[in-house]
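Participant: Residue numbers (mature numbering (1 follows the signal peptide of the UniProt record, and there is no 0)): -23 to -1, 1 to 415.
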Amino acid sequence: MTNFLKFGTAGATALMLATPALAQDAAADPTPYILTTLLFLIGGFLVFWMAAGFAMLEAGLVRSKNVTTQLTKNIALFSIASIMYWLVGFNLMYPGDAWVMDGMVGAFFWTTLEPVGLAAADATLDYASVGSDFFFQLMFCATTASIVSGTLAERIKLGPFLIFVVVLTGFIYPIEASWQWGGGFLSGMGFSDFAGSTLVHAAGGFAALAGAMILGPRIGKYAADGRVIPMLGSNMPLATLGTFILWLGWFGFNGGSQLAMGTVGDVTDISRIFANTNMAAAAGAVTALILTQAVYGKIDLTMVLNGALAGLVSITAEPLAPSLLMALIVGGIGGAIVVFTVPLLDKLKIDDVVGAIPVHLVAGIWGTMAVPLTNDGTSFVTQFIGVVSIGAFVFIVSYIVWMILKVTMGIRVDEEAEIMGLDTTEMGMEAYPEFTKG
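(1) How about L338 and F183: are their beta carbons less than 8 Å apart?
(2) For the stretch 206 to 219 and the stretch 29 to 46, state whether three or more C-beta atom pairs, one from each stretch, are separated by less than 8 Å.
(3) From this set, A179, G229, C118, which residue's C-alpha is nearest A369's C-alpha?
(4) Check V371 in the structure and name its three-state DSSP category.
(5) In whole angstroms, give me the CA-to-CA distance for A97 and L236.
(6) Under a three-way DSSP split, which group does Y104 fall into?
(7) For G160, which three-state DSSP category applies?
(8) Looking at the secondary structure, which residues open and close the alpha helix (DSSP H) in which R249 lies?
(9) Give the straight-line distance between the Cα atoms of T293 and P137, rounded to the nearest whole angstrom.
(10) Just the Cα atoms here: how many angstroms apart are F22 and V107?
(11) Starting from G405, follow the alpha helix (DSSP H) in both directions and report where the run begins and ends.
(12) Assign W87 to one of two classes, buried (16 or more other C-beta atoms within 10 Å of its C-beta) or exposed (fewer than that).
(13) What residue range is occupied by the uninterrupted alpha helix (DSSP H) comprising V55?
(14) Kindly indicate the opening and closing residues of the alpha helix (DSSP H) around T355.
(15) Can you give me the Cβ contacts of L(-19) inside the same chain, cut-off strictly under 8 Å, excluding the 5 residues immediately before and after it?
(16) Using the three-state DSSP reduction, which class does I276 fall into: helix, strand or coil?
(17) From the beta carbon of A29, is the nearest beta carbon of chain D less than 8 Å away?
(18) Over what stretch of residues does the alpha helix (DSSP H) that includes G173 continue unbroken?
(19) Give me whichever residues DSSP pairs with Y199 in a beta bridge.
(20) Are the CB atoms of V330 and V125 within a distance shorter than 8 Å?
(21) Over the uninterrupted alpha helix (DSSP H) stretch that includes I327, give me the two end residues.
(22) Is it right to say Q157 is buried, meaning 16 or more other beta carbons lie within 10 angstroms of its own, or is it exposed?
(23) Within 10 Å of its beta-carbon, does T318 have 16 or more other beta-carbons around it, so buried, or fewer, so exposed?
(24) Using the three-state DSSP reduction, which class does I133 fall into: helix, strand or coil?
(25) What's the gap between the Cα of S109 and the Cα of F55?
(26) Spatial neighbours of V371 within its chain, please: C-beta separation below 7 Å, excluding the five flanking residues on both sides.
(27) Is the stretch 299 to 316 touching the stretch 337 to 353 in the sense that three or more CB pairs, one from each, lie closer than 8 Å?
(28) For M116, count the other beta carbons within 10 Å of its own beta carbon; 16 or more makes it buried, fewer makes it exposed. Which is it?
(29) Tell me, to the nearest whole angstrom, how far the beta carbon of G405 is from that of K42; I am working on the premise that it is less than 8 Å.
(30) What do you get for V374, buried or exposed, if any count of 16 or more other CB atoms within 10 angstroms of its CB means buried?
(31) Does the contact criterion of 3 or more C-beta pairs under 8 Å hold for the stretch 386 to 403 versus the stretch 43 to 52?
(32) Give the single residue among D170, A130, V316 whose Cα lies nearest to the Cα of residue 425.
(33) Can you pull the DSSP bridge partners for R389?
(34) Which residue marks the beginning of the alpha helix (DSSP H) containing G188, and which one marks its end?
(35) Using a Cβ-Cβ cut-off of 6 Å (strictly less than) and excluding sequence neighbours within five positions of K50, which residues of its own chain qualify?
(36) Quick check on V39: does DSSP put it in helix, strand or coil?
Take a look at the structure:
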């Protein structure tokens, strides 16, 4: 690749013909393999750190009587996702030639890694190690489940939620993601979602929406006269910390999705992705800050935090092609989406505790539909088909799973447990025991 960039196609061909030994050495150069593997590992542990961000954000935005439950859900869902993605998810998502239904459903078998001490001669030097690829992609799978956790907080039973996580991370997410990233039918159509505005974030949002509709709102959230009763979060410092952690992790989320770091061009593109990702987050936060002041007369910190996250979700579908100005616009619109979608959900009496549906579902759709504004290799028609296909599949299957769980074992705690708090009734452990009311 370096030769091609330096001398042009004709010059590189002549150089390779004149010096066949040099050409063979270049073909066997392990540097791109090493650097791309390193990209996946660094990007992967940055995205892993987003699990801590989700945990802190949710712990801050729920009431103090439900904090331990949210923390338990977050560490449990990540652990379950890790096992399910190994057991079946990774190969469902990346089936290669092993499609069960061509372009629709991949093969069902677990993941195996390369042997210990792999020799360069036995490695696929034009990509990265299987272990690094699996590790990186796993983090996206777990993120999808984290989105669902916050929406359904404060009234869902732990057991049924974790069963849903098994289905989501083992089957629902890998199947729909394979349609694009695994070489399925959406990929063949020309759909584009660089790092997962729809494939990850909107998918998690659709699963959360289905659950919220079946689960219903928290007791006392909506008054009989139509008023929305505020249920304030317990710890704004934690919520703010969680947002900054997510912001940091997003550099791995989007930057790692370049999927290559073996050339000057790739590394330069990664730096461009980092800059655009940061700009979109900043624009989303500032837009939400200005709009809440203008609309409500006071700045709402929770809206500002979610505005930053919506900016990040919005740019995720195409963080490479935009200029910094366009990244600002895309992220800013994401921030505005949060401010206006949160009250819309309340009018529909859909209780989303942390605002995940506006941030991940609605902003994710916006980001995906905005791709053709900066990427002329895409079209609004194929983007729309992709969003509808993924949304319909995830929502319908999730709705069915949630309904089965509701009918068979129940998904909501009883009224007394909800009023007392899930920490004492579900977990038997309070997050802030010294503040228990006497």
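Every residue, glycine too, gets a C-beta built ideally from N, C-alpha and C.
Facilitator: The relevant details are as follows:
(1) On the sequence shown, position 361 is the one that residue 338 refers to. On the sequence shown, position 206 is the one that residue 183 refers to. In contact: L338 and F183 (Cβ atoms closer than 8 Å).
(2) yes
(3) Within the sequence shown, residue 369 is the residue found at index 392, counting from 1. Nearest of A179, G229, C118 to A369, Cα basis: A179.
(4) Counting from 1 along the sequence shown, the entry for residue 371 is found at position 394. In this structure, V371 counts as helix in the three-state DSSP scheme.
(5) Translated into positions along the sequence shown, residue 97 becomes position 120. Translated into positions along the sequence shown, residue 236 becomes position 259. Looking at the two C-alpha atoms, the distance is approximately 20 Å.
(6) As a first step, residue 104 must be located in the sequence shown, where it is residue number 127. It is coil, neither helix nor strand.
(7) Here the question's residue 160 lines up with position 183 in the sequence shown. Here G160 sits in coil by DSSP.
(8) Position 272 of the sequence shown holds residue 249. Taken as a continuous stretch (DSSP letters only), the alpha helix (DSSP H) holding R249 covers 241 to 273.
(9) Residue mapping note: residue 293 aligns to position 316 of the sequence shown, counting from 1. Residue mapping note: residue 137 aligns to position 160 of the sequence shown, counting from 1. Straight-line Cα distance between these residues: approximately 30 Å.
(10) Position 45 of the sequence shown holds residue 22. Position 130 of the sequence shown holds residue 107. Those two C-alpha atoms are separated by around 16 Å.
(11) Your numbering for residue 405 matches position 428 in the sequence shown. Run containing G405: none; DSSP gives neither H nor E here.
(12) Here residue 87 refers to the residue found at position 110 when the sequence shown is read from its first residue. That one is exposed.
(13) In the sequence shown, counting from the first residue as 1, residue 55 sits at position 78. According to the sequence provided, residue 55 is Phe. The question's Val does not apply to it. Looking at the DSSP string, the run of the alpha helix (DSSP H) that includes F55 is 44 to 61.
(14) Taking the first residue of the sequence shown as position 1, residue 355 is located at position 378. Run containing T355: none; DSSP gives neither H nor E here.
(15) As a first step, residue -19 is located in the sequence shown; it is residue number 5 there, counting from the start. Any reading at L(-19) needs caution, since the residue's pLDDT is 31, under 50, leaving its predicted position unreliable; the model's value is listed next. The residues are T240, V241, G242.
(16) Within the sequence shown, the letter at position 299 stands for residue 276. The answer is coil: DSSP assigns I276 none of H, G, I, E or B.
(17) Protein chains in the displayed structure number just one, and chain D is not present.
(18) Your numbering for residue 173 matches position 196 in the sequence shown. Note, G173: premise wrong, no alpha helix (DSSP H); not H, not E.
(19) The sequence position of residue 199 within the sequence shown is 222, counting from 1. Paired residue(s): V205.
(20) Here residue 125 corresponds to residue number 148 of the sequence shown, with the count starting at 1. Here residue 330 corresponds to residue number 353 of the sequence shown, with the count starting at 1. Not closer than 8 Å, so no.
(21) Sequence index remark: in the sequence shown, residue 327 carries index 350 (1-based). Premise fails: I327 is in no alpha helix (DSSP H) and is neither H nor E.
(22) Position 180 of the sequence shown, counted from the first residue, corresponds to residue 157. Buried: at least 16 other Cβ atoms inside 10 Å.
(23) One-based indexing of the sequence shown puts residue 318 at position 341. T318 is buried by the Cβ-count criterion.
(24) Taking the sequence shown and counting its residues from 1, the one referred to as residue 133 is at position 156. The answer is strand: DSSP assigns I133 an E or B state.
(25) Position 132 of the sequence shown, counting from 1, holds the residue named residue 109. Position 78 of the sequence shown, counting from 1, holds the residue named residue 55. Rounded to the nearest angstrom, the two C-alpha atoms are 17 Å apart.
(26) Locating residue 371 in the sequence shown gives position 394, where the first residue counts as 1. Once the five neighbours on either side are set aside, the close Cβ partners of V371 are I149, E153, A180, F183, A184.
(27) yes
(28) Sequence index remark: in the sequence shown, residue 116 carries index 139 (1-based). It counts as buried.
(29) If you number the sequence shown from 1, residue 405 lands on position 428. If you number the sequence shown from 1, residue 42 lands on position 65. The Cβ separation is near 13 Å, so there is no contact.
(30) By one-based count along the sequence shown, residue 374 stands at place 397. Answer is buried; the Cβ neighbour count reaches 16.
(31) yes
(32) No statement about residue 425 is possible, as the shown extent of the chain runs from -23 to 415 and does not include it.
(33) Here residue 389 corresponds to residue number 412 of the sequence shown, with the count starting at 1. Note: R389 sits in a beta bridge opposite I133.
(34) By one-based count along the sequence shown, residue 188 stands at place 211. That run of the alpha helix (DSSP H) goes 180 to 192.
(35) Along the sequence shown, one-based indexing puts residue 50 at 73. Answer for K50: S126, listed in chain order.
(36) Position 62 of the sequence shown, counted from the start, is the residue given in the question as residue 39. Coil.
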